[in-house]
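Notes follow the structure.
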Amino acid sequence: MNEAHLFKDILIVLAFAIPIIYFFNKLNLPSIIGFIVTGVLIGPSFLKIITSFEGINQLAEIGVALLLFTIGIEISFNNFIKNFKEILLIGSFQVLGTTAIGFLSGVIFGFNIQQSIFLGFLITQSSSSIILKMLSDRDEIETPHGKITTGVLVFQDLMVLPMMLLIPILGVSEQASIIEILYRIFISLVLILAIFFIARFLMPHLLFQLIQIQMRDVFIIGVMVLSFGIAFITQMLGLSFAIGAFIAGLIISETDYTHQVIGDIKPFKEVFTSFFFISFGMFLNFDDLISRLSDNLILIISIIVLKALIMIIIVLISKYPFRIALLTGIYLAQIGEFSFVMLLKGEEYSLLNESISKQFISISILTMLISPILLKISPFISSKIPDFEKKKSDDFLNQLKNHVIIIGYGLNGRNVSKVLKEAHIPYVIIETNPKNVLQARKEGEKIINGDATKREILEFAHIKQAKIVVVAISDPMATRIIVRLVKDLNKEIYLIVRTRYVKDVEELVNLGADEVIPEEFETSIQILSRVLKKFHIPNSVILAQANTLRMQSYGIFRDVRFTEHAFDQINQILAQGTIDTVFISDESPVVNKSLKEIDLRAKTSATVISVIRDNQFVPNPSGEFTIRQNDLLVLFGTHNAIDRAIEILTRKDNQDETT
275 MNEAHLFKDI
285 LIVLAFAIPI
295 IYFFNKLNLP
305 SIIGFIVTGV
315 LIGPSFLKII
325 TSFEGINQLA
335 EIGVALLLFT
345 IGIEISFNNF
355 IKNFKEILLI
365 GSFQVLGTTA
375 IGFLSGVIFG
385 FNIQQSIFLG
395 FLITQSSSSI
405 ILKMLSDRDE
415 IETPHGKITT
425 GVLVFQDLMV
435 LPMMLLIPIL
445 GVSEQASIIE
455 ILYRIFISLV
465 LILAIFFIAR
475 FLMPHLLFQL
485 IQIQMRDVFI
495 IGVMVLSFGI
505 AFITQMLGLS
515 FAIGAFIAGL
525 IISETDYTHQ
535 VIGDIKPFKE
545 VFTSFFFISF
555 GMFLNFDDLI
565 SRLSDNLILI
575 ISIIVLKALI
585 MIIIVLISKY
595 PFRIALLTGI
605 YLAQIGEFSF
615 VMLLKGEEYS
625 LLNESISKQF
635 ISISILTMLI
645 SPILLKISPF
655 ISSKIPDFEK
665 KKSDDFLNQL
675 KNHVIIIGYG
685 LNGRNVSKVL
695 KEAHIPYVII
705 ETNPKNVLQA
715 RKEGEKIING
725 DATKREILEF
735 AHIKQAKIVV
745 VAISDPMATR
755 IIVRLVKDLN
765 KEIYLIVRTR
775 YVKDVEELVN
785 LGADEVIPEE
795 FETSIQILSR
805 VLKKFHIPNS
815 VILAQANTLR
825 MQSYGIFRDV
835 RFTEHAFDQI
845 NQILAQGTID
855 TVFISDESPV
865 VNKSLKEIDL
875 RAKTSATVIS
885 VIRDNQFVPN
895 PSGEFTIRQN
905 DLLVLFGTHN
915 AIDRAIEILT
925 RKDNQDETT
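Taking my numbering, the leading residue of the sequence shown gets 275, the next gets one more, and so forth.
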């Protein structure tokens, strides 16, 4: 393809994508669907605007690598290691269970043993790029189902390595020996360990050397060389370049330069990943899909239902609530892009013929399109299914009245429960994660293992007798469901809700929350408070200003039309004098010097109005008064004057100024 045709195709792709994505966003559907639909419309199966998309595919390959690289950066490798046992258990059952279903399906449809195993490999994979992007867009990566889904995806991606190494064995006509299969698996495990351990120890050192150069362009290029170098090595080993990029992202995620890398790479990622999803849509063979519509629909429904069902069963066995199991199952129900990588590898060894390969690609793309739609209706589905688990009523629950219900046992939930316990205020905790519940019970906490989006669980926690509910979970969708349900069950209860963003405050208040605490706003309050303290604003004034901002419903951060009235008092204080105190340490340059020698008033306009020494108050000290170690000086003056005075009284490099 020449350059003119490539640029023309890029222009067509982007021009079609803009209105389609806008339309899908208006329908509150993910932009991913819009990209795929764009590919379907302009591809050879529908409008035939682009019939040869070799150049688009090259851009798409870069896009998926950048997408998985940035996704890898945003996933904490330490969290992966910390939850390794759970990820290994759930992930291995998912891979084995789905592979077994694919194998049995292949045998039923008349494939031989090798082809059936290969079919199981293909069906096992879920779309890391689509799922992780949706989790990120929906702010659900840190939710219970988000953590399980992410863990399983990482496990699936790592399992591609042994699967890819086994494909050549499956492709030979004669029966492969057990020793050869075990050898391939062993080699794949060694490669995984080598990639992680060698790169994990080398990468921080190499990034440190790059940052020392203090040139942004060199840093960006250096990061790309290091990251894609790892990806290239994995490709040379017969694996996917995209898998290597994902692993490189995971490695960088635990260095000190994560946020800088994300900021530098993100603009490139957004453009290239759009080509990746659009190219997916172009692969859809519309004519073949229609000609075998009934068969294809049966296969699509079967794949989605069986994959979701396997995950639901595994998550339920792990003692998670049904809602989390359902969401995890739906997220992982489609076929992933890494299946295409294995499919291309399998075609080299004639594991599937061309007709079946094309049908598989079309079915896979449609499962990707359907998954986001299923996720949109999943809250409705889960809300209609009651909690069937029988809860044993403990004695402490029967005694609860005027108590606090804490929903979520993360950092916020732990802190609230700790304070309530010390204050002897009755409370009960509701938590979905069985591991957290087990740990809390060992610590003597009053905790229920259940899903607070279910009426039965809230009633079990005596919601109608409770005084306050604190919602401290990281799942935005579940938070909305809980707020609405709590107020339905007890309209008089006081409901405090934690959320991440200020933009969610108004909606949660409208749903019934009495008080909403957004993390980003409280962070801004803390920053503002520390800034004002540096200007020696009294604590009472700082507290009053913080409360003023809160009473304004966070308007200053949401509405640019907010007036400056809230800051009038601060401006008045800054223009006037204030009082502050300075502790004199043994390193102070003014120790054993008189106030006359220091001459603060002449140098700074600040005045020492009193001194506290050995718990004795010395008012209006004279010029002959000598400053001693451990004195506490009370200063009066303008803010600038006090800043300068504190600098003279405390900094050793001001020794000359005090003599």
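We put the CB at the ideal spot given by N, CA and C, even for glycine.
Asked	Found
In the structure shown, what three-state DSSP assignment does N559 receive?	coil
My output table needs one value for N914: the three-state DSSP class, helix, strand or coil.	helix
Tell me which same chain residues have a C-beta within less than 6 Å of the C-beta of D905, skipping the five on either side of it?	I858, V885 and R887
Residues in its own chain within less than 6 Å of A519 by CB, not counting five upstream and five downstream?	A339, L342, F343 and A505
Decide if I647 is buried, meaning its Cβ has at least 16 other Cβ atoms within 10 Å, or exposed.	exposed
Under the three-state reduction of DSSP, which class applies to I722: helix, strand or coil?	strand
Would you mind working out which of L909, L481, I324 and I651 sits nearest T881, comparing C-alpha positions?	L909
How many whole angstroms separate the CB atoms of A582 and I598, which I take to be in contact at a CB cut-off of 8 Å?	The Cβ separation is near 13 Å, so there is no contact.
For the putative contact between Y934 and H736, defined by C-beta atoms under 8 Å, what is the C-beta separation to the nearest angstrom?	Lying outside 275 to 933, the shown extent of the chain, residue 934 is not represented and no answer is given.
From this set, A752, I552 and V892, which residue's C-alpha is nearest F309's C-alpha?	I552
Using CA atoms only, rank isn't needed, just tell me which of T797, K675 and I703 is closest to K741.	K675
Could you check whether the stretch 380-397 touches the stretch 564-576, counting it as contact only if at least three pairs of C-beta atoms, one from each stretch, sit closer than 8 Å?	no
Any idea if S548 is buried or exposed, counting beta-carbon neighbours within 10 angstroms, 16 or more meaning buried?	buried
Residue range of the beta strand (DSSP E) that Q800 falls in?	Counting along the chain, Q800 falls outside any beta strand (DSSP E), though it belongs to the alpha helix (DSSP H) covering E793 to K808.
Measure the C-alpha to C-alpha separation of L759 and R729 and round it to an integer number of angstroms.	7 Å
Looking at C-alpha atoms only, which residue of I883, K867, I872 and L907 is the closest neighbour of T900?	K867
Which term fits P436, buried or exposed, when burial requires 16 or more other beta carbons within 10 angstroms of its beta carbon?	buried
Using CA atoms only, rank isn't needed, just tell me which of M408, S592, L785 and D778 is closest to I791.	D778
Which of the three DSSP states is assigned to R875 in this structure?	helix
Let's see if you can read the secondary structure: which residues bound the alpha helix (DSSP H) around F377?	F358 to I382
Please state whether DSSP places D778 in a helix, a strand or coil.	helix
For E622, which three-state DSSP category applies?	helix
For L785, which residues in the same chain have their Cβ closer than 7 Å to its Cβ, ignoring the five residues on either side in sequence?	R754, V757 and R758
Quick check on the DSSP output: the alpha helix (DSSP H) that includes T602 runs from which residue to which?	F596 to Y605
To which residues of the same chain is T423 closer than 7 Å at the C-beta, ignoring the five residues directly before and after it?	I405, L409, T602, Y605 and L606
What is the C-beta distance between N357 and K282, in whole angstroms, given that I count them as a contact (C-beta under 8 Å)?	About 48 Å separates the two Cβ atoms, so there is no contact after all.
Could you check if R804 is buried or exposed, using at least 16 other CB atoms within 10 Å of its CB as the buried criterion?	exposed
Thinking just about the alpha-carbon of each residue, which of Y594, E611 and V771 is nearest to the one in F557?	E611
Checking 8 Å against the spacing of the C-beta atoms, do L393 and F367 come in under that value?	no
Grab me the residues of E838's own chain with a C-beta within less than 7 Å of its C-beta, minus the 5 sequence neighbours each way, in chain order.	In this predicted model, E838 has a pLDDT of only 49, less than 50, meaning its place in the structure is not dependable; the value taken from the coordinates is given anyway. Counting only Cβ-Cβ distances below 7 Å, and skipping sequence neighbours, we find nothing.
With a cut-off of 8 Å on the beta carbons, I'd call V369 and T398 a contact; round off their distance for me.	5 Å
When burial is assigned at 16 or more other CB atoms within 10 Å of the CB, is N894 buried or exposed?	exposed
Measuring CA to CA, which of D854, L580, L481 and A374 is closest to G523?	L481
Which partner residues of F857 appear in the DSSP bridge assignment?	L906
Looking at the strands, I want to know which residues DSSP matches up with R772.	I791
Whose C-alpha, out of E416, I507 and V497, is nearest the C-alpha of H533?	V497
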